[in-house]
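Trainee: Take a look at the following structure, please.
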Amino acid sequence: MKTAHYTVTAIVLHWLMALLIFATFPLGLYMADLKFSPTKLQLVSYHKWIGITLLLLVVLRLFWRLTHTPPALPDALPRWQKTASGAVHHGLYLLLVAVPLSGWLMSSAKGIQTVWFGLLPLPDLL
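Reminder that position 13 of the sequence shown reads as 357 in this note's numbering, one-by-one numbering, no gaps.
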């Protein structure tokens, strides 16, 4: 069965993740230039919380994508554009997993434990 529209869940996940990405990227750039201080430590915690939340949301989003058929691309779209669209889509999902994991790996390598929202200590990856 062809789907005409994305589900509300898919749309909410998309925009929630976009909002978190647009929040954490400039936060990371800003805090990188700060001198070591309690403020920097708090901003690093926020950055890590957002990153882990994004990682959990991408897992949920991938599950949703695998269990719910997205709308088809327009038939009039040239084949090369459909291929490019699929490649870009897969690349973005790869980045949505790789970027938070690389941050978690960096924290683990430095011996700094990641504690999600100050409540749930996550295991070191290294």
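Backbone N, C-alpha and C define an ideal beta-carbon position, used for all residues, glycine too.
Small disclaimer: the values here were computed from a predicted structure and weren't measured.
#1: Using DSSP with H/G/I as helix, E/B as strand and the rest coil, what is residue 421?
#2: Look at the alpha carbon of residue 453 and the alpha carbon of residue 420, and state the distance between them as a whole number of angstroms.
#3: Excluding the 5 residues flanking residue 447 on each side, which residues of the same chain have their C-beta closer than 6 Å to its C-beta?
#4: Please check if any C-beta of chain B sits within less than 9 Å of the C-beta of residue 446.
#5: Helix, strand or coil: which one does DSSP assign to residue 464?
#6: CB-CB under 8 Å to residue 369, same chain, minus the five flanking residues each way: which ones, in chain order?
#7: Report all residues from its chain with a CB closer than 7 Å to the CB of residue 347; omit the five preceding and five following residues, and keep chain order.
#8: Can you give me the C-alpha to C-alpha distance between residue 449 and residue 469, rounded to a whole angstrom?
#9: Quickly, what does DSSP pair residue 459 with across the bridge? List them, please.
Mentor: With the given structure in hand:
#1: Walking along the sequence shown from the start, residue 421 turns up at place 77. In the structure shown, residue 421 sits in coil (DSSP, three-state: anything other than H, G, I, E or B).
#2: By 1-based counting over the sequence shown, the position of residue 453 is 109. By 1-based counting over the sequence shown, the position of residue 420 is 76. Distance between the alpha carbons of residue 453 and residue 420: 49 Å.
#3: For this step, residue 447 is matched to residue 103 along the sequence shown. Same-chain partners within the cutoff: 395.
#4: Structure shown: chain B not included; a single protein chain is present.
#5: Within the sequence shown, numbered from 1, the residue matching residue 464 stands at position 120. The answer is strand: DSSP assigns residue 464 an E or B state.
#6: Within the sequence shown, residue 369 is the residue found at index 25, counting from 1. If we look at residue 369 and ignore the five residues flanking it on each side, it has no Cβ neighbours.
#7: Mapped onto the sequence shown, residue 347 falls at position 3. Excluding positions up to five away in sequence, the list reads 413, 414, 415.
#8: Looking up residue 449 in the sequence shown gives position 105. Looking up residue 469 in the sequence shown gives position 125. When rounded, the distance between both Cα atoms is 6 Å.
#9: What you label residue 459 is simply residue 115 of the sequence shown in a count that begins at 1. Answer by DSSP bridge pairing, in chain order: 465.
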